[in-house]
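Enquirer:
Here it is as structure tokens:
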């Protein structure tokens, strides 16, 4: 009976999606940020740093995960990455008030590496079981991350308001640790399914996986297409990275009440889910590049609009930015596997995310030096450049 479940691709998809709930960890920072700023007595830029670090370091975690997958297998890679992530979050929960750097190191660096390592397995493994529905299953798996924001943001805000930063972070760590145990049920698809079909007589007619070259990361990085894909993903990041950690606090500055700002964060999380599921599904129908073009156009107009928007319009544009981000992180993994094959997907996607990670780390510097309005202007300009980069893919 158990052997039948282990080889059931829909069971594997459900397991991967459920465990992926924990990798919505960066998106709870928008409610943690004001409490860290208050409890540790730091600036807005410093209290936003854990978020930008976890986003930036996440790419390197993906590469480590892909490397380990071919040596110890997807299940062990996912479990070790999850353990590393939870230890980092525990460090952040135990950080004394005179050591805010421990939050950045624990939540941002250690948590980001572990999370990226585990996440790469939770994306690559379902894709291997579903070569015929790669975009859809990636959207489902990554879409659960958006659901994490809807569930965890109000829960964390409630705990933060009553127990403070340290207790709330400890509870988050415990919740994530329990969910990560689902990794024990993760199984990789047999090679013949990944390369020749689904095991049920279905064939991936669109991408012809069996005839596709399987690039190693070194081979991939020798192609021009790799650099254009990496650049496009990097240019898609600033709008979201600049807006997300400040969504609640900046929304209140722009005329929203505390309750309205929190509701806006929740709505934005729902929009994130919509983007994660709808964009890759649509990309199966009309093509990856067409969807990427659409995402950049939406982000461009929203970034420029946020420079002056207030009240409900501010919250609406933030939601569009979050929807775009959900689409970006769901479509690009499929785009990478389309272009470079599935065999080294984890490592290859991690390498593609390097530019995105660097851009994410630099965003706080931009925010600190240029100010909020000019930073949003720069994000809009990045979207324009992203449209040009997408044309070269």
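Residue numbers (my numbering): 107 to 499.
From the three backbone atoms N, C-alpha and C, an ideal C-beta is built for every residue, glycine too.
#1: Counting Cβ pairs, one atom from each stretch, are 3 or more of them under 8 Å apart for the stretch 425-440 and the stretch 385-402?
#2: Helix, strand or coil, according to DSSP, for residue 293 in the structure here?
#3: Quick check: the stretch 485-497 against the stretch 339-348, are at least 3 beta-carbon pairs closer than 8 Å?
#4: For the putative contact between residue 430 and residue 401, defined by C-beta atoms under 8 Å, what is the C-beta separation to the nearest angstrom?
#5: Give a yes or no on whether the C-beta atoms belonging to residue 418 and residue 165 are separated by under 7 Å.
#6: With 16 other CB atoms within 10 Å as the buried threshold, where does residue 116 fall?
#7: Taking the alpha-carbon of residue 190 as reference, which of 206, 476, 361 and 213 has the nearest alpha-carbon?
#8: Would you grab the beta carbon distance between residue 133 and residue 350 for me? Rounded to a whole angstrom, and I think it's under 8 Å.
#9: Look at the alpha carbon of residue 314 and the alpha carbon of residue 374, and state the distance between them as a whole number of angstroms.
#10: Can you tell me which of 236, 209 and 319 puts its alpha carbon nearest to the alpha carbon of residue 271?
#11: The alpha helix (DSSP H) with residue 453 in it runs from where to where?
#12: Count the other CB atoms within 10 Å of the CB of residue 273; is the residue buried (16 or more) or exposed (fewer)?
#13: With residue 431 as the anchor, note down where its alpha helix (DSSP H) starts and where it stops.
#14: For the alpha helix (DSSP H) that contains residue 229, what are its first and last residues?
#15: Tell me which same chain residues have a C-beta within less than 7 Å of the C-beta of residue 470, skipping the five on either side of it?
#16: Alpha carbon to alpha carbon, how far is residue 499 from residue 202? Give it in angstroms, no decimals.
#17: So, for residue 163: in the same chain, excluding its five sequence neighbours on each side, which residues have a beta-carbon less than 6 Å away from its beta-carbon?
#18: With 16 as the cutoff for other CB atoms within 10 Å, does residue 449 come out buried or exposed?
#19: Looking at residue 424 and the ligand COA, is the gap between the Cβ and the nearest heavy atom below 6 Å?
#20: What is the DSSP secondary structure of residue 244, reduced to helix, strand or coil?
#21: If you draw a straight line from the alpha carbon of residue 409 to that of residue 357, how long is it in whole angstroms?
#22: State whether the stretch 118-126 contacts the stretch 221-239, with contact taken as three or more CB pairs (one from each stretch) at a distance under 8 Å.
#23: Can at least three beta-carbon pairs, one atom from the stretch 244-261 and one from the stretch 125-132, be found at a separation below 8 Å?
#24: Cutting at 6 Å between CB atoms, please list the residues of its own chain near residue 222, excluding the five before and the five after it.
#25: Pull up the distance between the alpha-carbon of residue 325 and that of residue 291, whole angstroms please.
#26: If you measure between the beta carbons of residue 244 and residue 399, is that distance less than 7 Å?
#27: If you run the structure through DSSP and keep just helix, strand and coil, what is residue 238?
#28: Quick one: what's got a C-beta closer than 6 Å to residue 385's C-beta in the same chain, skipping five residues either side?
Expert: Checking against the coordinates, here is how it stands:
#1: Counting Cβ pairs under 8 Å, three or more are found: they touch.
#2: coil
#3: Verdict: yes, contact present.
#4: 5 Å
#5: Taking 7 Å as the Cβ cut-off, residue 418 and residue 165 do not qualify as a contacting pair.
#6: Result: exposed.
#7: When each option's Cα is compared against that of residue 190, the closest is 213.
#8: 7 Å
#9: Because residue 314 carries a pLDDT of 47, less than 50, the predicted location of this residue cannot be relied on, and the following value inherits that uncertainty. Taking the straight line from one Cα to the other gives about 37 Å.
#10: 209
#11: Following the DSSP letters along the chain, one finds residue 453 inside the alpha helix (DSSP H) bounded by residues 451-458.
#12: exposed
#13: 417-446
#14: For residue 229, the enclosing alpha helix (DSSP H) has its first and last residue at 217-235.
#15: 151, 154, 155 and 158
#16: Residue 202 and residue 499: Cα-Cα distance of roughly 47 Å.
#17: 215, 218 and 219
#18: buried
#19: Among the components modelled here there is no ligand, and therefore nothing to report on the ligand COA.
#20: helix
#21: 14 Å
#22: yes
#23: yes
#24: So the list reads 164, 167 and 168, once near-sequence residues are dropped.
#25: 32 Å
#26: no
#27: coil
#28: In chain order, 397, 433, 436 and 437 place their CB closer than 6 Å to the CB of residue 385, counting only its own chain and leaving out the 5 sequence neighbours on each side.
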